[in-house]
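Taking it in order: structure first as structure tokens, then the write-up.
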Amino acid sequence: MPRLLIYAIVFIEGFCSLGAEVIALRRLVPHIGSAIVVTAPTIGFFLLALALGYAAGGRVAADFRAVVARNFLVSAALAGIGLSGPVVDALFAHLQPAPFAWLLFVGGILCPVAWLLGQTVPILTNLLQHERAGEASGAALYWSTLGSFLGSLGLSLLVMQWLGVSAAVFACAAGLLAGTLMLGGRDPRIAVLALSTATVAGYANLQHAVTADTAYAEYRVAAVDRPGQTNPRAFWVNQSAASLIDESDPPRYTRYIEHLRRVLLDDLGFRDRDILVLGAGGFTLSHREPENRYTYVDIDPQIRAIAERHFLKAPARGEFVADDARRYVATTVRRFDAVVVDVFGSHTSIPSHLVTREFWDGLRRVLKPDGVLLANLILDGKLESPYARNLLATIESVYGRCAVDVLHKAKPLANVEVACFASSRPAPAGIYVDEKNRADLDRLAGSR
């Protein structure tokens, strides 16, 4: 087997194995988010399967070329079909709870790909017979790792950004099928199987019914049934209804957006003010609202164009900045009269670096002295879960007592609107008891 062909094959192996891992992590985002408790085990199991593949490849003693060709073909089918949007969506829709679906996804799709491709380098180094073992393995690992480097960057920063995740899945499968054909020579059976796999993988990835699919999120705009509204449509981000608008005059929006607009325009009487919105959604907070100046910050640079074309069907009002919310808050020199925090990676998951005390404290820096912080959270309606209690306690450890409005109180999960003032500070609290009741004195002190 020519040396250049061996290097080409291990390059494809590295490109597609790490590419499959990157795609798998992205496919998980709409269903269970991207928290460290999701990404770390996924990467860990991938590496474990890769290590087991190295060991299995080292035990292969014959038919080296045929074994690798078979592994590439099976991996192409697993990646091209198993990582397609419809298959992943169906997996999480029909297998509950979500951790069980994750386990099947990682154990049944991602890990077998890693195990099969991990065998490539130890198998093919057997064919470099005229080189020292160290030189042969070093060269093979170099080309494999170079492929991994280019696969992770190329698929995430180029293919996903410009063509979408489904295109990245098909590119990964196509690379493996190209390697299969290179290894299979002129065997017509290999060609037929490769073509069949490419056809099925292409069909599976073309069936993903989304409006747009970027490196950060999948977006879908669809009509919804809302009594009393005129032709309402929802803007779904990572399978969560992020925004809603209808064709009434004036338009109707989601309940939490209407609540935020009442707070800003009616309760606070904001006019000619600067409002920062972290998390763009469908840009409905500023829709047909000419009284104030809005700046939206969202990590996905494509979200504005997607929302304008498919959801708003009109230009979004306000400035847009494509950046991570925490990084923008830490680096901007601008100051705002209000900051609206509406950031979600999936239905209920706020990115973990946006729930810490350091983040909420950093928001005070971008608020004017009399500014207000408004946060849209999704918590249990009774605020009894550890996550709800701890998140609210974290915010109030920075701002002191905040107003908390629970919308949809009868639902297991509800929009919770939190309002805090930049001028407030946390302070120790006392308890009124019959024996020592300072309520009247405190009330008089507060009225001065």
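Residue numbers 255 to 702, in my numbering, belong to the letters of the sequence shown in order.
Note that the Cβ used here is the ideal one computed from N, Cα and C, for glycine as well.
Am I right that residue 372 and residue 311 are in contact with their C-beta atoms under 8 Å? What's the rounded C-beta distance? Sequence index remark: in the sequence shown, residue 372 carries index 118 (1-based). Sequence index remark: in the sequence shown, residue 311 carries index 57 (1-based). Between residue 372 and residue 311 a beta carbon distance of about 7 Å is seen, short of the 8 Å cut, so the two are scored as contacting.
Helix, strand or coil for residue 623? Go by DSSP, reduced to three states. Position 369 of the sequence shown holds residue 623. In the structure shown, residue 623 falls within a strand segment according to DSSP collapsed to helix, strand and coil.
By Cβ distance, which residues of its chain are closer than 6 Å to residue 662, with the 5 residues on each side in sequence left out? What you label residue 662 is simply residue 408 of the sequence shown in a count that begins at 1. If we look at residue 662 and ignore the five residues flanking it on each side, its Cβ neighbours are 668.
So residue 409 and residue 266 are in contact, right, with Cβ under 8 Å, and what is the actual spacing, rounded? By one-based count along the sequence shown, residue 409 stands at place 155. By one-based count along the sequence shown, residue 266 stands at place 12. Rounded to whole angstroms, the Cβ separation of residue 409 and residue 266 is 13 Å, and the two are not in contact under 8 Å.
Distance between residue 280 and residue 335 (C-alpha atoms, nearest Å): For the purposes of this step, residue 335 is identified with residue 81 of the sequence shown, where counting begins at 1. For the purposes of this step, residue 280 is identified with residue 26 of the sequence shown, where counting begins at 1. For residue 335 and residue 280, the distance between alpha carbons rounds to 15 Å.
Keeping to the same chain, check which residues put their C-beta closer than 6 Å to that of residue 618; ignore five residues upstream and five downstream. As a working mapping, residue 618 is identified with position 364 in the sequence shown. Counting only Cβ-Cβ distances below 6 Å, and skipping sequence neighbours, we find 676.
Can you tell me where the beta strand (DSSP E) holding residue 474 begins and where it ends? Here residue 474 corresponds to residue number 220 of the sequence shown, with the count starting at 1. Looking at the DSSP string, the run of the beta strand (DSSP E) that includes residue 474 is 472-477.
Is there contact between the stretch 550-557 and the stretch 570-580, where contact requires at least three CB pairs shorter than 8 Å? Yes, since at least three Cβ pairs between the stretch 550-557 and the stretch 570-580 fall closer than 8 Å, the two stretches touch.
Give me whichever residues DSSP pairs with residue 547 in a beta bridge. As a working note, residue 547 is residue 293 in the sequence shown. Answer by DSSP bridge pairing, in chain order: 528.
Pull the bridge partners of residue 499 from the DSSP assignment, please. One-based indexing of the sequence shown puts residue 499 at position 245. In the DSSP assignment, the residues bridged to residue 499 are 487, 507.
Examine the Cβ distances between the stretch 428-442 and the stretch 276-291 and report whether three or more of them are shorter than 8 Å. No, the stretch 428-442 is not in contact with the stretch 276-291.
Please classify residue 402 as buried or exposed, where buried requires at least 16 other C-beta atoms within 10 Å of its C-beta. The count along the sequence shown starts at 1 and reaches residue 402 at position 148. Around the beta carbon of residue 402, 16 or more other beta carbons lie within 10 angstroms, which makes this residue buried.
May I ask you to list the residues that DSSP assigns as paired with residue 593? Counted from its first residue, the sequence shown places residue 593 at position 339. Within the DSSP bridge table, the entry for residue 593 names 530, 627 as partners.
With C-beta atoms as the reference, is residue 584 less than 7 Å away from residue 616? As a first step, residue 584 must be located in the sequence shown, where it is residue number 330. As a first step, residue 616 must be located in the sequence shown, where it is residue number 362. Result yes, Cβ atoms of residue 584 and residue 616 sit closer than 7 Å.
Buried or exposed (CB count within 10 angstroms, at least 16 for buried), residue 325: As a working mapping, residue 325 is identified with position 71 in the sequence shown. Counting the other CB atoms within 10 Å of its CB gives residue 325 a total of 16 or more, which places it among the buried residues.
Between which two residues does the alpha helix (DSSP H) containing residue 316 stretch? Against the sequence shown, residue 316 aligns to sequence position 62. Counting along the chain, no alpha helix (DSSP H) covers residue 316, and no H or E run does either.
State yes or no: is the C-beta of residue 447 within less than 7 Å of the C-beta of residue 369? As a working note, residue 447 is residue 193 in the sequence shown. As a working note, residue 369 is residue 115 in the sequence shown. No; because the gap between Cβ atoms is not below 7 Å, this pair is not in contact.
For residue 252, count neighbouring Cβ atoms within 10 angstroms of its own Cβ and tell me buried if that reaches 16, exposed if not. No information on residue 252 is available, as it lies outside the stretch 255 to 702 that the chain covers here.
Spatial neighbours of residue 414 within its chain, please: CB distance less than 6 Å, with the 5 preceding and 5 following residues excluded, ordered by chain position. If you number the sequence shown from 1, residue 414 lands on position 160. Sequence-distant partners of residue 414 (beyond 5 residues in either direction) whose C-beta falls short of 6 Å from its own C-beta, in its chain, are 422, 469.
Cβ shell of residue 560 (< 6 Å), same chain only, five flanking positions each side left out: As a position in the sequence shown, residue 560 is number 306, starting the count at 1. Scanning its chain for C-beta atoms nearer than 6 Å, with the 5 sequence neighbours on each side dropped, one finds around residue 560 the residues 466, 473, in chain order.
Bridge partner(s) assigned by DSSP for residue 574: Counting from one through the sequence shown, the residue named residue 574 turns up at place 320. Its beta-bridge partners are 550.
How would you label residue 556, buried or exposed, when you count the other beta carbons within 10 angstroms and need 16 or more for buried? In the sequence shown, the residue the question calls residue 556 occupies position 302. Under a 10 Å Cβ-count criterion, residue 556 is classified as buried, with 16 or more other Cβ atoms of the shown protein chains found around its own Cβ.
Just how far apart, CA to CA, sit residue 611 and residue 699? Residue 611 sits at position 357 when you count from the first residue of the sequence shown. Residue 699 sits at position 445 when you count from the first residue of the sequence shown. Cα to Cα, residue 611 sits roughly 30 Å from residue 699.
DSSP three-state assignment for residue 406, whether helix, strand or coil: Translated into positions along the sequence shown, residue 406 becomes position 152. Shown here, residue 406 sits in a helix according to DSSP, grouped into three states.
Decide if residue 434 is buried, meaning its Cβ has at least 16 other Cβ atoms within 10 Å, or exposed. Your numbering for residue 434 matches position 180 in the sequence shown. Its Cβ being crowded by 16 or more others within 10 Å, residue 434 is buried.
Can you find the residues in the same chain that come closer than 6 Å, C-beta to C-beta, to residue 380, ignoring five residues on each side of it along the sequence? Taking the first residue of the sequence shown as 1, we reach residue 380 at position 126. 318, listed in sequence order.
Between the beta-carbon of residue 339 and the beta-carbon of residue 420, is there less than 7 Å? Taking the first residue of the sequence shown as 1, we reach residue 339 at position 85. Taking the first residue of the sequence shown as 1, we reach residue 420 at position 166. Cβ atoms of residue 339 and residue 420: closer than 7 Å.
Take residue 452 and list the residues in its own chain whose beta-carbon comes closer than 6 Å to its own, dropping the five residues that flank it on each side. Mapped onto the sequence shown, residue 452 falls at position 198. Excluding positions up to five away in sequence, the list reads 431.
Per-residue DSSP class, three states only, for residue 329: For the purposes of this step, residue 329 is taken as the residue at position 75 of the sequence shown. In the three-state reduction of the DSSP assignment, residue 329 falls in the helix class, which pools H, G and I.
Here's the rule: buried if 16 or more other CB atoms are within 10 angstroms of the residue's CB, otherwise exposed. What is residue 506? Numbered from its first residue, the sequence shown carries residue 506 at position 252. Buried, by the Cβ-count rule.
Closest residue to residue 484 among 471, 513, 499, 493 (Cα-Cα distance): In the sequence shown, residue 484 corresponds to position 230, counting from 1. Among 471, 513, 499, 493, the Cα nearest to that of residue 484 is on 499.
For the stretch 509-517 against the stretch 535-551, are there 3 or more C-beta pairs whose distance is under 8 Å? Touching, yes.
According to DSSP, is residue 671 helix, strand or coil? Translated into the one-based positions of the sequence shown, residue 671 becomes position 417. Strand at residue 671.
Just to confirm my understanding: we take residue 648, look at its own chain, exclude 5 residues before and 5 after, and list those with CB closer than 6 Å. What are they? In the sequence shown, residue 648 corresponds to position 394, counting from 1. Within the same chain, and ignoring the five residues on either side of residue 648 in sequence, the residues whose Cβ sits closer than 6 Å to its Cβ are 611.
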